[in-house]
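Residue numbers (our numbering), protein chains in the order written: chain P, 1085 to 1319; chain L, 1085 to 1319.
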């Protein structure tokens, strides 16, 4: 039983005392013009739940959040951002001062090549072409830090081949762990209050079944901290 | 004084009794794939305030709303939609049963030419082209109805040449009135609790200065109803 395994880890409020986390959450918004943007369905609930769980266990938490409709969790240092570029900058700064970095935000892969300063007018053309350019890869940048690199945990929110994509992402981006999240299922993903995750690391995998995001967050924080400490103890 | 002029119109709770309104509010969301979308900064506050003001004055109100973070106003028939195409269909049906139609929603002008059924994967390309096609023009469709056409009021949310664009839109789309809204100003537009409007009709214009959206909504409902009744009384 997973819960029985994990619970002792979190039995003391201060089990993570002194550990510093940086967690990213929510979507990013990439402006098209002053009124329009590209975004995604991330509600921020999973990232906020992780921040709450880490604080509850005694950790010091910086939460970097895109625009969501959630109150700031008590005891968390909040950094509000809009775009992927803003989140990238905030994440690298905070990561250098953290033991553990969890990239839970659904960062936009692309942004507009140019942002219009005034509202684009609908022309007579029946088609419109938007040219997008790649955003910085935040989780890869953190995992690739030369100095003060934190233990780095990513998320892979996918609608098919979820585990395959997640395993590839773990290796390609040199992450320590990744949370594979099938967002095509009704009870596990965006906007839901429940979620299911497969936690993957280079030497193992663990299925965490559908449950409230709060409870899942506590298990993830415990497992991530356990792996972090195991790594720290290595010679 | 504008308020002094309008107040008597709304002094009785039932001044609009028997009148049916359809009001659209909020943004629309145009899916790119199962997780990404294009949208805009409309909070829905102005449209919801208009619906509340109309109900307060005794009208029967259908509120067609895109995704917003607002509770349904009491006494209003709510229709929740996501995309411009869904709003278009709901609006034409409701408009045919309404005396007055107010198009306050910030409808996306374009949608994806094709919606991906699975999450688009970030490729190795540094650029991504999105091809968009025009959405139906809801307010023009309502104003152009051959049968049961309601008195039709539009909104023009612009960042420059606001009055010029609004006057053009009034004429081109054959609207009865239009609310010109400069959303580049900090206190008058998206997400603000205040707003300023210039109400324009074929024979006149009226500036309604910065004030809480609730109060502005009551003035607009009174002025719109007054113009509607004046038109009805014509031989």
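Built from N, CA and C at the ideal position, the CB exists for glycine as well.
All of these numbers come straight from a predicted model, not from anything done at the bench.
* Please work out which residues of its chain come closer than 6 angstroms, Cβ to Cβ, to residue 1131 of chain P, disregarding the five sequence neighbours upstream and downstream, and give them in chain order. => On the first chain, residue 1131 of chain P is found 47 positions in, with the first residue counted as 1. The residues are 1107, 1109, 1188.
* So is residue 1216 of chain L in contact with chain P if we call contact Cβ pairs under 9 angstroms? -> In the second chain, residue 1216 of chain L corresponds to position 132, counting from 1. Yes, residue 1216 of chain L lies at the interface with chain P (some Cβ there is under 9 angstroms from its Cβ).
* What whole-angstrom Cβ distance do residue 1297 of chain L and residue 1243 of chain P have, given they're in contact under 8 angstroms? -> The sequence position of residue 1297 of chain L within the second chain is 213, counting from 1. The sequence position of residue 1243 of chain P within the first chain is 159, counting from 1. Actually they do not touch by this definition, with Cβ atoms about 38 angstroms apart.
* **Cβ pair residue 1144 of chain P, residue 1104 of chain P closer than 9 angstroms** => The residue you call residue 1144 of chain P lines up with position 60 of the first chain. The residue you call residue 1104 of chain P lines up with position 20 of the first chain. Yes, Cβ-Cβ distance for residue 1144 of chain P and residue 1104 of chain P is below 9 angstroms.
* Starting from the C-beta of residue 1183 of chain L, find all residues in its chain whose C-beta is less than 8 angstroms away, skip the five residues before and the five after it, and write them out in chain order. => Numbered from its first residue, the second chain carries residue 1183 of chain L at position 99. The answer, listed in chain order, is 1103, 1104, 1105, 1234, 1235, 1312.
* 9 angstroms Cβ cutoff, residue 1251 of chain L in contact with chain P -> Here the question's residue 1251 of chain L lines up with position 167 in the second chain. No, because no Cβ of chain P sits closer than 9 angstroms to the Cβ of residue 1251 of chain L.
* To which residues of the same chain is residue 1165 of chain P closer than 8 angstroms at the C-beta, ignoring the five residues directly before and after it? -> Along the first chain, one-based indexing puts residue 1165 of chain P at 81. Taken in chain order, the residues that qualify are 1112, 1148, 1149, 1150, 1171, 1174.
* **Member of L:1225, L:1122, L:1283, L:1222 whose CA lies at the smallest distance from the CA of residue 1246 of chain L** => Counting from one through the second chain, the residue named residue 1246 of chain L turns up at place 162. Minimum Cα distance to residue 1246 of chain L is reached at L:1283.
* With 9 angstroms set as the bound, which would you pick, yes or no: does the beta-carbon of residue 1233 of chain P sit closer than that to a beta-carbon of chain L? -> Taking the first residue of the first chain as position 1, residue 1233 of chain P is located at position 149. Chain L, which has no Cβ nearer than 9 angstroms to the Cβ of residue 1233 of chain P, makes this no.
* Using a Cβ cut-off of 7 angstroms, pull out every chain P residue sitting near residue 1212 of chain L, in sequence order please. => Residue numbering aside, residue 1212 of chain L sits at position 128 when the second chain is read from its first letter. Here the neighbours are 1194, 1216.
* Asked: Can a CB atom of chain L be found closer than 9 angstroms to the CB of residue 1222 of chain P?
  -> Translated into positions along the first chain, residue 1222 of chain P becomes position 138. For residue 1222 of chain P, the answer is no, since every Cβ of chain L falls outside 9 angstroms of its Cβ.
* beta strand (DSSP E) containing residue 1215 of chain L: first to last residue? -> As a working note, residue 1215 of chain L is residue 131 in the second chain. Start and end: 1211–1218.
* To do: Pull up the DSSP beta-bridge partners for residue 1232 of chain P, would you.
  => Looking up residue 1232 of chain P in the first chain gives position 148. DSSP, once it has assigned bridges, lists no residue as partnering residue 1232 of chain P.
* For the candidate residues P:1142, P:1159, P:1163, whose alpha-carbon lies nearest to that of residue 1152 of chain P? -> Indexing the first chain from 1 puts residue 1152 of chain P at position 68. Minimum Cα distance to residue 1152 of chain P is reached at P:1163.
* **CB contact check: residue 1121 of chain P to chain L, cutoff 9 angstroms** => The residue given as residue 1121 of chain P occupies position 37 in the first chain. Closer than 9 angstroms: yes.
* **Beta-carbon proximity of residue 1258 of chain P to residue 1221 of chain P, cut-off 9 angstroms** => Locating residue 1258 of chain P in the first chain gives position 174, counting from the first residue. Locating residue 1221 of chain P in the first chain gives position 137, counting from the first residue. In this structure, residue 1221 of chain P does not lie closer than 9 angstroms to residue 1258 of chain P by Cβ.
* Simplified DSSP assignment, three categories, for residue 1127 of chain L -> Locating residue 1127 of chain L in the second chain gives position 43, counting from the first residue. Three-state result, residue 1127 of chain L: coil.
* Asked: Under 9 angstroms between the Cβ atoms of residue 1065 of chain P and residue 1226 of chain P?
  -> Chain P is shown from 1085 up to 1319; residue 1065 of chain P falls before or after that span and cannot be answered.
* Could you name the residues of the stretch 1259–1284 of chain L whose beta carbon sits closer than 9 angstroms to any beta carbon of chain P, in the order they occur along the chain? => 1267, 1268, 1273, 1274
* Run through DSSP, which three-state label would residue 1298 of chain L get? -> Reading the second chain from its first residue, position 214 is the one you call residue 1298 of chain L. Residue 1298 of chain L falls in the helix class under three-state DSSP.
* **Coil, strand or helix - residue 1251 of chain L by DSSP** => Here residue 1251 of chain L refers to the residue found at position 167 when the second chain is read from its first residue. Residue state, collapsed to three classes: helix.
* **Separation of residue 1292 of chain L from residue 1218 of chain P, as counted between CA atoms** => Numbered from its first residue, the first chain carries residue 1218 of chain P at position 134. Numbered from its first residue, the second chain carries residue 1292 of chain L at position 208. Near 44 angstroms, if we compare the C-alpha coordinates of residue 1292 of chain L and residue 1218 of chain P.
* Asked: Out of curiosity, what's the CA-to-CA distance linking residue 1190 of chain L and residue 1315 of chain P?
  -> Working through the second chain from its first residue, we reach residue 1190 of chain L at position 106. Working through the first chain from its first residue, we reach residue 1315 of chain P at position 231. So the alpha carbons of these two residues sit roughly 52 angstroms apart.
* Closest to residue 1255 of chain L by CA distance: which of L:1232, L:1180, L:1277, L:1223 is it? -> Looking up residue 1255 of chain L in the second chain gives position 171. Looking at the Cα atoms, L:1223 is the closest of the given residues.
* State the beta-bridge partners of residue 1263 of chain P as determined by DSSP. => Locating residue 1263 of chain P in the first chain gives position 179, counting from the first residue. Partner(s): P:1239, P:1283.
* Around the C-beta of residue 1230 of chain L, are 16 or more other C-beta atoms found within 10 angstroms, so that it is buried, or is it exposed? -> Translated into positions along the second chain, residue 1230 of chain L becomes position 146. Counting Cβ neighbours within 10 Å, residue 1230 of chain L comes out exposed, since fewer than 16 surround it.
* Test: residue 1248 of chain L CB closer than 9 angstroms to a CB of chain P -> As a working note, residue 1248 of chain L is residue 164 in the second chain. Not closer than 9 angstroms to any Cβ of chain P, the Cβ of residue 1248 of chain L fails to qualify, so no.
* Under 7 angstroms by beta carbon: chain L residues contacting residue 1203 of chain P -> Taking the first chain and counting its residues from 1, the one referred to as residue 1203 of chain P is at position 119. Within 7 angstroms Cβ-Cβ: 1242, 1243.
* Taking only beta-carbon positions, decide if residue 1164 of chain L is within less than 9 angstroms of chain P. => Looking up residue 1164 of chain L in the second chain gives position 80. Judged by the 9 angstroms Cβ criterion, residue 1164 of chain L is not in contact with chain P.
* Does any residue of chain L bring its CB to less than 9 angstroms from the CB of residue 1124 of chain P? -> Mapped onto the first chain, residue 1124 of chain P falls at position 40. For residue 1124 of chain P, the answer is yes, since a Cβ of chain L falls inside 9 angstroms of its Cβ.
* Since residue 1100 of chain P contacts residue 1138 of chain P with CB under 8 angstroms, what's their CB separation in whole angstroms? -> One-based indexing of the first chain puts residue 1100 of chain P at position 16. One-based indexing of the first chain puts residue 1138 of chain P at position 54. So it is a contact: roughly 6 angstroms between Cβ atoms.
* As assigned by DSSP and simplified to three states, the class of residue 1139 of chain P -> Residue mapping note: residue 1139 of chain P aligns to position 55 of the first chain, counting from 1. Helix, per DSSP.
* For residue 1200 of chain P, which of P:1155, P:1117, P:1277 has the nearest alpha-carbon? -> Here residue 1200 of chain P is taken as the residue at index 116 of the first chain, counted from 1. Nearest of P:1155, P:1117, P:1277 to residue 1200 of chain P, Cα basis: P:1117.
* Are residue 1124 of chain L and residue 1121 of chain P closer than 9 angstroms when you measure CB to CB? -> Translated into positions along the second chain, residue 1124 of chain L becomes position 40. Translated into positions along the first chain, residue 1121 of chain P becomes position 37. Closer than 9 angstroms, so yes.
* Under 8 angstroms from the C-beta of residue 1174 of chain P: neighbouring residues of chain L -> As a first step, residue 1174 of chain P is located in the first chain; it is residue number 90 there, counting from the start. Under the 8 angstroms cutoff, chain L gives no residues; its nearest Cβ is about 21 angstroms from residue 1174 of chain P.
* chain L partners of residue 1190 of chain P, CB-CB under 8 angstroms? -> Taking the first chain and counting its residues from 1, one reaches residue 1190 of chain P at position 106. Within 8 angstroms Cβ-Cβ: 1119.
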